[in-house]
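Visitor: Input: one structure, supplied below.
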Amino acid sequence: MTSTDTRTPRRTTPEPQPPDLGVLGMLRWAWRQLTSMRTALFLLLLISVAAVPGSIFPQRNIDPGRVADYLTRHQSSGPWLDRLGFFDVFSSPWFSAIYLLLFISLIGCIVPRAKVHLKALRSRPPRAPARPERLEHHASLTTSAAPEQVLATAREVLASRRFRVHSHDAASVSAESGYLRETGNLVFHVALTGIIVGMAVGHLFGWRGDVIVPEGQKFASSISTYNTFSPGPWVNPARIPSFVLTVDKMQADFIQTPGKTFGQPRDFIAHTTVQARPGAAAVPEQISVNHPLSIDGADVFLLGNGYTPVITVRDAQGEVLYHDATPFLPQDQTYRSVGVVKVSALPAPKQLGLTGFFLPTAEPTFANGPASVFPDALDPELALSVWEGTLFPGGMPQSVYTLNTEAMKQVTKPDGSPVLVRLKPGQTYELPGDRGSVTFDSVKRFAGLSVRHDPGELIALVSAILTTAGLILALTLKRRRVFVRVRQADDPDGRAATVVSIGGLSKDSDAGLTAVIQAVHDRLAERTTAT
Amino acid sequence: MTPETLANLANNALYSSMVVFTLAMLAFVAHLSARAPRRAQARASARTDALVAAGVGAAADGGTRDARDVARDRAGEPAPGSAAYGPESLRSRQWGSIGLTLTYLATLLLVGSVVLRGVAVARPPWGNMFEFATAAVAAVGVAYSVLARRNRWEWLGVFIVTPILLVLGLAVTVLYTEAHELMPALKSYWLAIHVTVAFLAVSLFTLGAAVGAVYLLRRRREVRPSARPGVIESLPSAAALERTAYSLNMGGFILWTFTLIAGSIWAKQAWGAYWQWDPKEVWTFVIWAVYAAYMHSRATAGVDARKSMYIALAGYAAVIINFTAVNLVSTFVGMHNYSGM
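Heads up: the protein sequence lines correspond to chains A and B, in order. If you're matching positions, the first sequence starts at 41 in the numbering used here and goes up one per residue. If you're matching positions, the second sequence starts at 3 in the numbering used here and goes up one per residue.
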């Protein structure tokens, strides 16, 4: 194949013959293969392809609900995709294998290159060739100045351009610059491993706790008070901060002007009062999107909000069985929310479960089922169906947001149609068959808070900044060598003259080197003729 | 002025810039065709012959040579074989210069439109797909305008201006969204930093991909020369094009690295974790890894420049996917849902 590029042609190394190598040789061969540039290139391409399914298939780490939904819709392919890790791509064995190999290859590349570079940093520029004018970039001139003077000027010019200068003999100067290029390259690669270390530290020592706090309620941080708490494997439970946070008001503003953006959120702000530890002074704090609250080594983020209708269930005698601000989770942009009331104060086969929707601005007809037309609580309504039976069959733990109707029957009216409890705030619904009543007292907002601690993120951040710095050095600087050699000669008139030849070498295509050579040439011409 | 007036002004500036870009595109086409030495000459002489035939008919008693010269003068055509064609010809230089000037004007109008939109909505004007698209092509226009004159990139003009026009056409028809307020997650100064740098990176990647594609054409002609050299032969050498594409992609890669880091810092503030493999993050990473592979392949002995360029173009394909499918297709539902579609 003809190649018009000025690049190094394909290097043809003879394939090593495995039988001659022995075990150690085989290992060395495998190591060399793994740490070669070609392998790194292949792995980089492979990891970019391997990441793509992580954006196409729903991922458990982002939204387990969508994964479950996908599995129910794809009965045949779903389980296979699941087995192959397509719903946990970034923790799957194959993805992990690629990035581990990539990082082994990276380290295998860094170590020898660092050694070579350290040696280069201590060494002097190499001896000038006999005829520098034969190099790719070159210039020459004849001058009346003495050789020593020419070389002194050359040294000065090159040193001022931050070349490292050395004379191996009396008739030449060798100069080299751009050591920072390889330094930057190494910093970049080392810093990449730093990012991985930061991520690993975050995974091992970091934790997150999510909690829903209704307006007016207090939350005292501890492992057991979070709705969900996910610690890394090496987290010390004693180090979980013990702050106390009260949500005084959850402010949510939505765009009310009609148009495409009608109902879109404008601002979410949780107005809170915070005590750094129980008994400490209470300080008012605002938490909003993009403005988390830092407290005691942890960050508190406002990641969600919604409604907690206050619901009271009474028995036929008017005795209160259930009274609570019950969180309903928003399902869409209009905050149509689902939630469950579990009346477990009653004996087992007669327990009541209410499940259904909270609609902040109810669409009154329910023509297409319960729907909300606006996310703000302008005309709130509850729409619940009622179930009777055993709430916790077999005593199994279950989510507070779903009702397990396995051992329950839907409560019906005397005519056999299912009961639908529709309530506006302040209204009460009498359940049929002396089962008591349900009251929708009022509605409050809740703040969905996420408390997180990630000790690795500073490592990752510093590494990331170093990565960029290293990258800029490695890609923009050029490794250059410039040689100047002088030779005594007589000019046509028989006077003593000095023939100067300047040559330059660069590792990569480097248009700037010509300018450097030219600058040396011009300075020599002007300086030495002036004297 | 009310925000509505400003938004209307912004739209008018956008339409005006599209008109000027169209003219610039035509000028660049004329420039390219004037660069191609032989074909243009062949066409010119054919036209002259036709005129000669007409001229002979009109002035039957006149000398043939005279009639030919008269016809040529009338048509304003240079004599075949004169210096009027080819990369350095007056004609190509003139058209190139006209194309560049029109591009400056169109870019100015487009930047003006983006700025007016920003003033109208009182925030950085990249809150939805329409705004992303216009701001991104404005960045491409600026990058090209800044680099073109110095590097003599008139020949690249048509490959830059045509995609700009396509994107603007899509923006005003399919993607258009009325000026509106930002969602809470976007209300951060990081929007200005992260997205601006992303646009700059994308604009360099775009120029790099355009030069890279031209390189592949040019190189094929160098390896297998055509019997009839044309426009492609008048372009800079394949080696020079390859170097240019590398420099552009390198700049893009550095800026993309910064985009990724700035995005992580912002993600930490807005969503509580700096990296959680949301689809946009996945594709940002994919783009980064593919361009990293390109940088690597170029430094690897034994990988030829053509293969490296294919990797870079694959990277650009990922940029396009990231900008379109990831924003618009519901498969990629994540937290970057700001398209306004």
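Positions of the beta carbon are idealized from the N, C-alpha and C atoms, including for glycine. A quick note: this is a predicted structure, and the numbers were derived from the prediction, not measured.
1. For chain A, is any of its Cβ atoms less than 7 Å away from the one on I234 (chain B)?
2. Are V323 (chain A) and P332 (chain A) touching if we call contact CB-CB under 7 Å?
3. With DSSP collapsed to three states, give me the class of S636 (chain A).
4. According to DSSP, simplified to helix, strand and coil, what is V275 (chain A)?
5. Give the DSSP-derived three-state secondary structure of W277 (chain B) in the structure shown.
6. Taking the runs of the alpha helix (DSSP H) that are 4 residues or longer, which of them lie wholly in the segment 75-134 of chain A?
7. Using 10 angstroms around the beta-carbon of L36 (chain A), count the other beta-carbons present and answer buried if the total reaches 16, otherwise exposed.
8. What does DSSP give as the partner residues of L489 (chain A) in its beta bridges?
9. Quick check on A555 (chain A) - is its C-beta less than 7 Å from some C-beta in chain B?
10. So S490 (chain A) contacts chain B; which residues on that side make the cut at Cβ distance below 7 Å?
11. Give a yes or no on whether the C-beta atoms belonging to R212 (chain A) and A185 (chain A) are separated by under 7 Å.
12. Have a look at A264 (chain B) and W192 (chain B) and give me their C-alpha separation to the nearest angstrom.
13. Are any of the Cβ atoms in chain B nearer than 7 Å to that of S132 (chain A)?
14. Distance cutoff 7 Å, beta carbons only. Does E183 (chain B) sit that close to anything in chain A?
15. Determine the chain A residues that contact I195 (chain B) at a beta-carbon separation under 8 Å, and present them in chain order.
16. Please determine, among B:E283, B:V139, B:L104, B:A137, the residue with the shortest C-alpha to C-alpha distance to L28 (chain B).
17. Verify whether the separation of the beta carbon atoms of S165 (chain A) and G543 (chain A) is less than 7 Å.
18. Using only alpha-carbon positions, find the residue among A:I557, A:A551, A:A536 that is nearest to T183 (chain A).
19. Determine, using beta carbons only, whether V275 (chain A) comes closer than 7 Å to chain B.
20. Report back the beta-carbon spacing between A90 (chain A) and F135 (chain A) to the nearest angstrom; my notes put them in contact at under 8 Å.
21. Give me the chain B residues within the contact set of I512 (chain A), using Cβ-Cβ distance strictly less than 8 Å, ordered along the chain.
22. Among A:T374, A:D336, A:V314, A:G337, which one has its Cα closest to the Cα of I327 (chain A)?
23. Out of A:V197, A:G105, A:R174, A:F228, point me to the one whose CA is closest to A154 (chain A)'s CA.
24. Below 7 Å between beta carbons: does that hold for G232 (chain B) and A38 (chain B)?
25. Using a Cβ-Cβ distance under 7 Å, would T508 (chain A) count as near chain B?
26. For V232 (chain A), I'd like the list of residues in its chain whose CB is within less than 7 Å of its CB, leaving aside the five on either flank, ordered along the chain.
27. Thinking C-beta only, is Y441 (chain A) closer than 7 Å to P415 (chain A)?
28. What residue range does the beta strand (DSSP E) around Y362 (chain A) cover?
29. Out of A:Q115, A:G94, A:F127, state which residue places its alpha-carbon closest to the alpha-carbon of G105 (chain A).
30. Comparing alpha-carbon positions, which option in B:A187, B:A173, B:M185, B:I162 lies nearest V213 (chain B)?
31. Secondary structure at L330 (chain B), three-state DSSP: helix, strand or coil?
32. When you compare the CB positions of H363 (chain A) and T348 (chain A), do they come within less than 7 Å of one another, or not?
33. Between R67 (chain B) and chain A, is there a C-beta pair that is closer than 7 Å?
34. With DSSP run on the structure shown, which of helix, strand or coil describes T352 (chain A)?
35. Just checking, does the segment 252-268 of chain B make contact with the segment 219-227 of chain A on the three C-beta pairs under 8 Å criterion?
36. By the DSSP assignment, the alpha helix (DSSP H) with P324 (chain A) in it spans what residues?
Guide: Working from what's here:
1. Counting from one through the second sequence, the residue named residue 234 (chain B) turns up at place 232. It does not; no Cβ of chain A falls within 7 Å.
2. For this step, residue 323 (chain A) is matched to residue 283 along the first sequence. For this step, residue 332 (chain A) is matched to residue 292 along the first sequence. Cβ distance not < 7 Å, so V323 (chain A) and P332 (chain A) don't count as in contact.
3. Examination of residue 636 (chain A) is not possible in this model, given that chain A is present from 41 through 571 alone.
4. One-based indexing of the first sequence puts residue 275 (chain A) at position 235. Correct three-state label for V275 (chain A): coil.
5. Taking the second sequence and counting its residues from 1, one reaches residue 277 (chain B) at position 275. Coil.
6. 77-91, 93-96, 104-113, 117-123
7. With chain A covering only 41 through 571, there is no way to say anything about residue 36 (chain A).
8. In the first sequence, counting from the first residue as 1, residue 489 (chain A) sits at position 449. According to DSSP, L489 (chain A) bridges with A:V251, A:L342.
9. Locating residue 555 (chain A) in the first sequence gives position 515, where the first residue counts as 1. False, the Cβ-Cβ gap to chain B never drops below 7 Å.
10. The count along the first sequence starts at 1 and reaches residue 490 (chain A) at position 450. The contacting residues are G274.
11. On the first sequence, position 172 is the one that residue 212 (chain A) refers to. On the first sequence, position 145 is the one that residue 185 (chain A) refers to. Note on residue identity: the sequence assigns Ser, not Arg, to residue 212 (chain A). Not in contact: S212 (chain A) and A185 (chain A) (Cβ atoms no closer than 7 Å).
12. Taking the second sequence and counting its residues from 1, the one referred to as residue 264 (chain B) is at position 262. Taking the second sequence and counting its residues from 1, the one referred to as residue 192 (chain B) is at position 190. Straight-line Cα distance between these residues: approximately 7 Å.
13. The residue labelled residue 132 (chain A) in the question sits at position 92 within the first sequence. Cβ-Cβ to chain B under 7 Å: no for S132 (chain A).
14. The residue you call residue 183 (chain B) lines up with position 181 of the second sequence. At least one chain A Cβ lies under 7 Å of E183 (chain B).
15. Along the second sequence, one-based indexing puts residue 195 (chain B) at 193. Result: empty, since nearest Cβ-Cβ is about 13 Å, beyond 8 Å.
16. Indexing the second sequence from 1 puts residue 28 (chain B) at position 26. The residue with the shortest Cα to Cα distance from L28 (chain B) is B:L104.
17. Position 125 of the first sequence, counted from the first residue, corresponds to residue 165 (chain A). Position 503 of the first sequence, counted from the first residue, corresponds to residue 543 (chain A). Checking the sequence shown, residue 165 (chain A) turns out to be Pro, not Ser. In this structure, G543 (chain A) does not lie closer than 7 Å to P165 (chain A) by Cβ.
18. As a working note, residue 183 (chain A) is residue 143 in the first sequence. The shortest Cα separation from T183 (chain A) among A:I557, A:A551, A:A536 belongs to A:A536.
19. What you label residue 275 (chain A) is simply residue 235 of the first sequence in a count that begins at 1. False, the Cβ-Cβ gap to chain B never drops below 7 Å.
20. The residue labelled residue 90 (chain A) in the question sits at position 50 within the first sequence. The residue labelled residue 135 (chain A) in the question sits at position 95 within the first sequence. 5 Å between Cβ atoms; contact.
21. As a working mapping, residue 512 (chain A) is identified with position 472 in the first sequence. The answer, in chain order, is I256.
22. Here residue 327 (chain A) refers to the residue found at position 287 when the first sequence is read from its first residue. Minimum Cα distance to I327 (chain A) is reached at A:V314.
23. Along the first sequence, one-based indexing puts residue 154 (chain A) at 114. Among A:V197, A:G105, A:R174, A:F228, the Cα nearest to that of A154 (chain A) belongs to A:F228.
24. If you number the second sequence from 1, residue 232 (chain B) lands on position 230. If you number the second sequence from 1, residue 38 (chain B) lands on position 36. Contact flag set, yes.
25. Along the first sequence, one-based indexing puts residue 508 (chain A) at 468. True, the Cβ-Cβ gap to chain B drops below 7 Å.
26. By one-based count along the first sequence, residue 232 (chain A) stands at place 192. A small fix is needed here, since residue 232 (chain A) is Leu in this sequence, not Val. Once the five neighbours on either side are set aside, the close Cβ partners of L232 (chain A) are L146, T507.
27. As a working mapping, residue 415 (chain A) is identified with position 375 in the first sequence. As a working mapping, residue 441 (chain A) is identified with position 401 in the first sequence. Against a cut-off of 7 Å, the Cβ pair of Y441 (chain A) and P415 (chain A) comes out as no contact.
28. Translated into the one-based positions of the first sequence, residue 362 (chain A) becomes position 322. Note, Y362 (chain A): beta strand (DSSP E), 360-365.
29. As a first step, residue 105 (chain A) must be located in the first sequence, where it is residue number 65. Here the closest residue by C-alpha is A:F127.
30. Taking the first residue of the second sequence as 1, we reach residue 213 (chain B) at position 211. For the residues B:A187, B:A173, B:M185, B:I162, the minimum Cα distance to V213 (chain B) belongs to B:I162.
31. Locating residue 330 (chain B) in the second sequence gives position 328, where the first residue counts as 1. Note: L330 (chain B) maps to helix in three-state DSSP.
32. Reading the first sequence from its first residue, position 323 is the one you call residue 363 (chain A). Reading the first sequence from its first residue, position 308 is the one you call residue 348 (chain A). Cβ distance not < 7 Å, so H363 (chain A) and T348 (chain A) don't count as in contact.
33. Working through the second sequence from its first residue, we reach residue 67 (chain B) at position 65. Low local confidence applies: a pLDDT of 42 at R67 (chain B) is under 50, so the model's placement there is unreliable, with the coordinate-based value given in what follows. For R67 (chain B), the answer is no, since every Cβ of chain A falls outside 7 Å of its Cβ.
34. Counted from its first residue, the first sequence places residue 352 (chain A) at position 312. Of the three classes helix, strand and coil, the one that applies to T352 (chain A) here is strand, per DSSP.
35. no
36. As a working note, residue 324 (chain A) is residue 284 in the first sequence. Not the alpha helix (DSSP H): P324 (chain A) falls in the beta strand (DSSP E), residues 322-328.
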